[in-house]
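Colleague: Sequential numbering from 75 applies to the sequence shown in the numbering used here. The beta carbon of each residue, even a glycine, is placed where N, CA and C say it ideally should be. Please read these numbers as outputs of a predicted model, since none were measured by experiment.
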Amino acid sequence: MSEHNKAVVRRFNQQVIAEGDRQAFDQLVGENFINRSAPAGAPSDRESLWHTFDQILRPAFSHLQVHVEDQIAERDWVTTRKTITGVHSGSLMGIAPTGLPVTIAVIDMVRIEEGKYAEHWGMNTLAAVMTQLKQFA
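Following this line, the structure appears as structure tokens:
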């Protein structure tokens with residue numbers, strides 16, 4: 075079970091985040107998904123998760139890649155340490171493109187239920203990356 079759950083998370087990282095595959099997203103994220111790390115007052119459902127990748131990250135960063143550094147799985151949980159890399163070639167929440175390479179460090183925990191994302195908790199360095207990009211925009 076643990077290896078299967080890790081494979082689900084690796085597939086999500088490659089096909090959804092790096093490639094922007096909506097069909098894979100629909101296959102991998104449960105209808106009742108909850109993002110426990112969404113900012114206070116922000117939507118935390120499955121469509122808001124898709125929106126983050128499709129409308130914020132992918133338009134802002136070309137050559138988007140996800141590098142899984144470590145994964146630990148126990149019961150129905152998978153914890154992943156990863157880096158997301160790309161080039162800041164599009165607007166990012168009002169920050170004009172800089173052409174600079176970016177690296178976002180991420181640690182997230184995902185609960186897998188029947189082969190799909192059910193819950194997510196995570197931390198990342200996107201805010202720090204945005205602060206750095208503002209200096210060059």
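Going by C-alpha distance, which of 167, 120, 93 and 116 is nearest residue 192?
Modeller: Minimum Cα distance to residue 192 is reached at 120.
Colleague: So what does DSSP say about residue 133, is it helix, strand or coil?
Modeller: Reduced to three states, the DSSP call for residue 133 is helix.
Colleague: Could you pull the DSSP bridge partners for residue 28 from this structure?
Modeller: This structure gives no information on residue 28, because the portion of the chain shown stretches from 75 to 211.
Colleague: Just how far apart, CA to CA, sit residue 202 and residue 108?
Modeller: For residue 202 and residue 108, the distance between alpha carbons rounds to 25 Å.
Colleague: For residue 96, count neighbouring C-beta atoms within 10 Å of its own C-beta (all shown protein chains included) and say buried if the count is 16 or more, exposed if not.
Modeller: Looking at its Cβ environment, which holds fewer than 16 other Cβ atoms inside 10 Å, residue 96 is exposed.
Colleague: Return the CA-CA distance between residue 204 and residue 82, expressed in angstroms with no decimal places.
Modeller: Approximately 29 Å between the Cα atoms of the pair.
Colleague: Check the DSSP bridge columns for residue 159 and list the partner residues they point to.
Modeller: Answer by DSSP bridge pairing, in chain order: 139 and 177.
Colleague: Looking at the structure shown, is residue 105 part of a helix, part of a strand, or coil, going by DSSP?
Modeller: Here residue 105 sits in strand by DSSP.
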